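Each protein sequence line maps, in turn, to chains A and B. For what it's worth, this note's numbering labels the leading residue of the first sequence as 578, then goes sequentially. For what it's worth, this note's numbering labels the leading residue of the second sequence as 100, then goes sequentially. Reviewing the structure listed below.
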Amino acid sequence: MSQLKINGKTYSFTEGATILSLAREHSIHIPTMCYLKKLGALTSCFVCVVEVEGKANLIPACSAPAEAGMIITTDSARVKDARRTALELLLSDHTGDCLAPCHLGCPALINIPKFIQELRNKDNRAAITTIKENVALPAVLGRICPEICERVCRRRRKDAPVAICHLKRYAADVDLFSDTPYTPKIEKSSGKKVAIAGGGTAGVTAAYYLLRMGHQPVIFEKSDKLGGGLRSGVSRDRLSGEVLDRELNNIIKLGVKVEFNKALGKDFGIKELLDKFEAVFLATGLDAADNAMLKKEGLSSSETGIIIDRHTNETNIKGVFAGEKTTLAVRASAHGHFSALVIDKYLKGLPLNPVKRPFSVRMAHFSDEEFEIMIRDISNEGRVLTGIVDTKTVKNNPGEGRVPFTSDDTLKEAGRCMRCDCRKAASCLLKAYSIEYGSKVETYKGEKRGFKKESGAAGLVFEAGKCIMCGICVKICEKNKEIKGFSFVGRGFVTRVELPFDGRIDMISLKTAEECASLCPTGAISTSTKDRAQKEK
Amino acid sequence: MPAKEREDIELELIEKIIKIKGKEKSSLIPVLQEVQKLYRYLPAEALLKICELTGLSQAEVTGVATFYTQFRHKPVGKHVISVCHGTACHVKGAEHITDTLRRYLGLEAESDTDSEKVFTVEKAACFGCCTLAPVVRIDDITYGKVTSRFVPEMLSLFMQTKLKKETRKEIEPVKETDKGKVIIKIGLGSCCVAGGSLEVKNAFDDYIKKNGFAAATKRVGCVGMCHSTPFVEVVAPDKEPVFYVGVNKSDVKLICDKHLKALKPVKKLTNTIKRGLDLLSFDYYDGTLEVKESAMKEGPACAFLGPQRRIALENYGEINPLDLEEFKAKGGFTALTKIIKERDGKYVIEEIKKAGLRGRGGAGFPSGIKWEAVRLAETATGKKYIICNGDEGDPGAFMDRMLLESYPYRIIEGMVLAAFAMGINEGYFYIREEYPMALKNIKFALGECEKAGLLGENILGSEYSLKLHIFQGAGAFICGEETALIASIEGRRGMPNFRPPYPATKGLFGSPTNINNVETYAAVPWIITHGAKEYAKIGAEKSKGTKVFALAGKIERGGLIEVPMGITIREVVEGIGGGVKKDRKFKAVQIGGPSGGCVPESLADMPVDFESINETGAIMGSGGLVVLDDSDCMVDFARFFLEFTQDQSCGKCTFCRIGTKRMLELLEKLCKGEGTAEDLVKLEKLAEEVKAGSLCGLGKTAPNPVLTALKYFKEEYIAHTLKKCPAKKCKALIKYSVNDKCIGCTLCAQVCPSDAILQKPYEKHEVLQEKCIKCDSCKSICPSEAIDVTT
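Here is the structure:
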């Protein structure tokens, strides 16, 4: 038994151990994308680098044998910088979308492709569950949302965008009018109370999520009804009172407390709230006229509203949060949801660093040829939407004036979705480590691989643009003695993993292909069913 | 990888090739090389047939076939024009030559072959003919000192040669049985041949035969005075030898008449070399035969040869490289005989250790220590291997080529000594395919040695046996890295592995393996013959002995030189090399090629040894020295090297594969004047990270050209962010214009390939900026210095 030091602590090891194996044995985190125990070190991704005293260069932990007396550092600034750069370099040559354009385009960040897929699977419960991860009032939004997501829907380039908003409304309506509407799982009570000033979209949404996270929200509403702008600013032709009341009531029933006829600055002040509540969220939709009142309450404000830290939604008073001013319900919903996430962190004493924009590689531009590949396997169904206005996207969602989808319409329309999102978005190691190390997608720009997509049997998909050249699939094919397996092709920057001689993924045995898909660290090789078992322990 | 495109492939021939070369993976590269000889590229059908016949997977075959530059995947024209883009050629305008060729042949932007499919234009890695830069090779004929203007003539000359079916005489070894005759020695290294020495030799042979003179020509190896090829030495019995430099065919008669007819000395022999083509121009040996004759005794040649110390290059210009008997007569194989008969392996290793010999491949690892490790290494396979690394891929380096061509026996002797010392019975010469003469000469020499009992079974009657093979590289710079080289011999893509394990414990086919550079082995016989003590007396404190350098670039006298370690850069550049051209300023010297860096003139008094060079941020490398003057742009130069390394990266590790590309893109941005101060910061940070985070030596050293340039020439980088190129090299940042010295001769307008010169005879001309492609043709032809370049 020999000894070495990792991060200042001494460890013993036996012959044959590598730095990585030893670190794993002692639960010291070293990231790696190309190393799998059963295949041996491939030494390609270089995110596992560590510092070894006396060595000028960084050392890949996966391959370096543990040597007696080594003094190893796995988490120094230099190591983290190098890992961040390695990931940024890989990101700069990574073509695809982690999250679909519609998902990123939605102010409320609804995972649109996911709920559409669930509708396709005729699983309305799953769809509404997905939707309610991000919006509290989907039936309302399904009628009045300006459909920003549809403007960036990629299908637009072929014929017309998927009727996302109307699909959402379908899912919400089915749920809302069912005997057993969806109720979210509510976390164990934290015993903490949050005051919310304003019962409009933002306030109700914040209350909904705070409640889900185990806190007790209390809404202070200046009028005698919840809804705010949804009542005053939207005509009943677009949004019926029945839908609005029903959806709001469902939230109140979950346990949100409301005090009606209580206005900020008149019936209560911030100071009093802070005496009784652990945090305060201001969602009053106040405008310029209220500037003086806000100042009186001790808040920094300007004509455009309360001044907040745009990253954390904090006001100048500790424990008091506010959203940005908006007249769009979907944005108000987003502010409410985001503020709830921040307040939750605040209540738990965690650093306030929630991510406003989720991490995603984005394929901003693509050629006609690339688009042809994207639409190769999709349905040719035209946009199903019908109604009293035109069938294309409209600036103002006509709401109730639009003929609701039947379940058949829903299946057809949902079938038009191109699934632009990455199938491995949940398990991709490149994404996970990029988030962990704060790697930015745009740091290095330059020539990059193009979009390619090839589908095979059993839902197998090979997207060469997402390959990080780890070599795992090449090694698996070699191990399984595949004659027509994955191969390295070329040299230099343009080296690629390909199936030789214009080969297709179907030429590999299904077993091997599925093994490759399940072990591919990114979305380059995937199946519709399986996913890489997260980080091999 | 293209799908099937030809139906007419005769696949039976492939079967034959595989029968001869073998089915195993380690035969794959030789098989592909033979198959390419058949079709001049590798059709997909042929590759599939290889898979079928060998049982190798498509991934194995495709992986290898697409890794090496030698292998082509689409049909080529009848003749392949390879423009060398090595360092020396780059600084002497290879880019212009490629542009001119493409324009002249009317190639489409995406195509490299003309519409008639006669010529294919390729960029080539270095041919190692750096002193003749820029160099173009058409099929097997090499043209040196090519200018844009010479391009049309070069192509017609080439076609004439082909039409005449004038097959050049094979370079055969000449047995010297001509005692008493006048011997005319002619250097026939690759450079010399490119410089026309084979024609000169043929002319001598013809003329001697026609007149029945008592004389014979004799080929000799490289003298190293590449700047003045062809080089001829006339040795008459009992007379001082007479040297001629820059000889051409038309000088042959005069030289023969002078020496062989006992006529009075020739009066004046005009050097006709400059006849229009500039093909064989010499910068300073213009003039009379007398001038040429005295060249060796005084003046430049003395300065060139004086400070040199020849160990690896011993007997330069004297012996026929292929004549084993002559080599032995000069003391060759005495070291081996002594060791095999009187000593043992341990003794050799001790001597090498005492001599302080360090590997000449670049890193300078002490050879004796490595040999001892291999000697003591346990082998599970029962085998150990020795490899001579002749994969000299650095653009701008040609030491190994010259050594292999001119001193094959010395290298073999060194290798046998090393193998004997380590108890190794099998080995390989790994020589790059761009060096046909080196391959040929080593092959011949190995055969001779086997016949003479110096190789093979029971060497010199002892128990000891050694089999040496030749492995022809297929074009990949990375294969100079030892683990990649091993992968290549094993028939795999040349992708390096993490070390340890080092080859000394687990190398070729899993066995302990010793790899040294050509020059390292070449020094061994001398050390054994003269003793470690003598060797250790030469050189610097920690860097013993001599070092061979390929001196090229913006210098008066380029060539192959061997100097004692510790000599200063200035002594080499200004003394031996004669400095840069008169009106230019010595700016820097690039040491170590793409892995090295630029050492500025201000550090030129630094001694040349491993440690001192490392301190500058450059590396010794294998010994390429390219001299730069004030017309060389350091941003462009770094860009040039990164363009090379990102293409040569094996593609395995992230930092090297993508990092070098991103560095290149930042440099390209700077060269276009689009770079910002933030880009400089980003470039430097990325360079440091690529250096620290790459798997092998290629990636670890690839940032050196950038880092040294940023260290010593930062102001030039800053200038580029302000859209200025002080060296006036970066096309996007310069402007051509006509000044008042213009005499209205219209020459510039005649040569301008893009009609960018507005001219009226006898009036001042004008450059039309929107049409100007900045090819420099006008400036280079203007007789009155009337073209200005401004930035």
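Positions of the beta carbon are idealized from the N, C-alpha and C atoms, including for glycine. Computed from a prediction, not measured in an experiment: that's the story for all the values here.
With respect to 7 Å, is the separation between the Cβ of residue i and the closest non-hydrogen atom of the ligand MN below this value?
| i | result |
| --- | --- |
| L753 (chain A) | In the structure on display, the ligand MN does not appear, and there are no ligands present to speak of. |
Which word fits residue i, buried or exposed, when buried means at least 16 other C-beta atoms lie within 10 angstroms of its C-beta?
| i | result |
| --- | --- |
| L1037 (chain A) | buried |
| Q793 (chain A) | buried |
| K550 (chain B) | exposed |
| Q868 (chain B) | exposed |
| A517 (chain B) | buried |
| L927 (chain A) | exposed |
| K681 (chain B) | exposed |
| N897 (chain B) | Because residue 897 (chain B) is not part of the residues shown, which for chain B are 100 to 890, the question remains open. |
| T587 (chain A) | exposed |
| P611 (chain B) | buried |
| M578 (chain A) | exposed |
| Q157 (chain B) | buried |
| R813 (chain A) | exposed |
| Q849 (chain B) | exposed |
| F754 (chain A) | exposed |
Considering only the alpha carbon of each residue, which of the options lies closest to residue i?
| i | options | result |
| --- | --- | --- |
| V1071 (chain A) | A:M1084, A:C1044, A:E949, A:D652 | A:C1044 |
| K308 (chain B) | B:V351, B:S711, B:M762, B:F743 | B:V351 |
| S883 (chain B) | B:F736, B:K859, B:V837, B:T328 | B:V837 |
| R960 (chain A) | A:A772, A:E630, A:C742 | A:C742 |
| N615 (chain B) | B:D493, B:V473, B:K768 | B:V473 |
| A1034 (chain A) | A:I689, A:K1088, A:K691 | A:K1088 |
| E450 (chain B) | B:P329, B:A603, B:I354, B:I626 | B:I626 |
| G522 (chain B) | B:A603, B:C355, B:G205 | B:A603 |
| F563 (chain A) | A:T881, A:E949, A:M1084 | Residue 563 (chain A) lies beyond the residue range present for chain A, which begins at 578 and ends at 1114; the question has no answer from this structure. |
| Y923 (chain A) | A:H912, A:N890, A:F623 | A:N890 |
| P142 (chain B) | B:H326, B:P129, B:E109, B:G526 | B:E109 |
| V671 (chain B) | B:A649, B:K684, B:G691, B:R683 | B:A649 |
Counting only the same chain and skipping the five closest in sequence on each side, list residues whose C-beta sits under 6 Å from that of residue i.
| i | result |
| --- | --- |
| M536 (chain B) | S289, E504 |
| S910 (chain A) | A685, V712, T778, T782 |
| G796 (chain B) | E580 |
| G665 (chain B) | G638, A639, P706, D708 |
| R219 (chain B) | Per the sequence presented here, residue 219 (chain B) reads as Thr, with Arg not at that position. Same-chain partners within the cutoff: V175, G176, V179, D211, T212. |
| R1000 (chain A) | G1100, S1103 |
| F692 (chain A) | A704, T707, I708 |
| K905 (chain B) | Because residue 905 (chain B) is not part of the residues shown, which for chain B are 100 to 890, the question remains open. |
| P825 (chain B) | E815, A818 |
What does a CB cutoff of less than 7 Å around residue i pick up in its chain, not counting 5 residues either side in sequence?
| i | result |
| --- | --- |
| S956 (chain A) | G992, R993 |
| R697 (chain A) | L988, A991, G992 |
Exercise. Given a limit of 9 Å on CB to CB distance, which residues of the stretch 910-940 of chain A reach chain B?
Worked result: none
Exercise. Would you call the stretch 312-326 of chain B and the stretch 654-661 of chain B touching, i.e. three or more CB-CB distances under 8 Å?
Worked result: yes
Exercise. If contact means a Cβ-Cβ distance below 8 Å, which residues of the stretch 661-676 of chain A contact chain B?
Worked result: Answer in chain order: T662, A663, L666, L667, S669, D670.
Exercise. Quick one: any contact between the stretch 448-457 of chain B and the stretch 539-549 of chain B, if contact means 3 or more CB pairs under 8 Å?
Worked result: No, the stretch 448-457 of chain B does not touch the stretch 539-549 of chain B.
Exercise. Looking at chain A, which residues of the stretch 111-141 of chain B have a Cβ within less than 7 Å of any of its Cβ atoms?
Worked result: Of all residues in the stretch 111-141 of chain B, none is placed with a Cβ closer than 7 Å to any Cβ belonging to chain A.
For this session: Take every Cβ of the stretch 671-691 of chain A, pair it with every Cβ of the stretch 729-748 of chain A, and state whether three or more of those distances are shorter than 8 Å.
Result: yes
Exercise. Which of the residues in the stretch 786-805 of chain B, read from start to end, lie with their CB under 9 Å from any CB of chain A?
Worked result: E788, V789, K790, A791, G792, S793, L794, K799
Problem set entry | Contact set between the stretch 1033-1067 of chain A and chain B, restricted to residues whose Cβ is under 8 Å from the partner | I1045, M1046, G1048, V1051, C1054, E1055, K1058, E1059, I1060, K1061, G1062, F1063, S1064, F1065, V1066, G1067
Problem set entry | Under 7 Å (Cβ pairs) to chain A, residues found in the stretch 742-760 of chain B | Q745, D746, Q747, S748, C749, G750, K751, C752, T753, F754, R756, I757, G758, K760
Exercise. Using a beta-carbon distance cut-off of less than 7 Å, what residues from the stretch 157-177 of chain B approach chain A?
Worked result: Q157, A158, T161, G162, T165, F166
Problem set entry | the stretch 616-630 of chain A: positions lying closer than 9 Å to chain B by Cβ | A618, L619, T620, S621, C622, F623, V624, V626
Exercise. Does the stretch 635-648 of chain A touch the stretch 725-741 of chain B, meaning 3 or more C-beta pairs lie closer than 8 Å?
Worked result: no
Exercise. So does the stretch 937-949 of chain A actually touch the stretch 884-901 of chain A, counting three or more Cβ pairs closer than 8 Å?
Worked result: no
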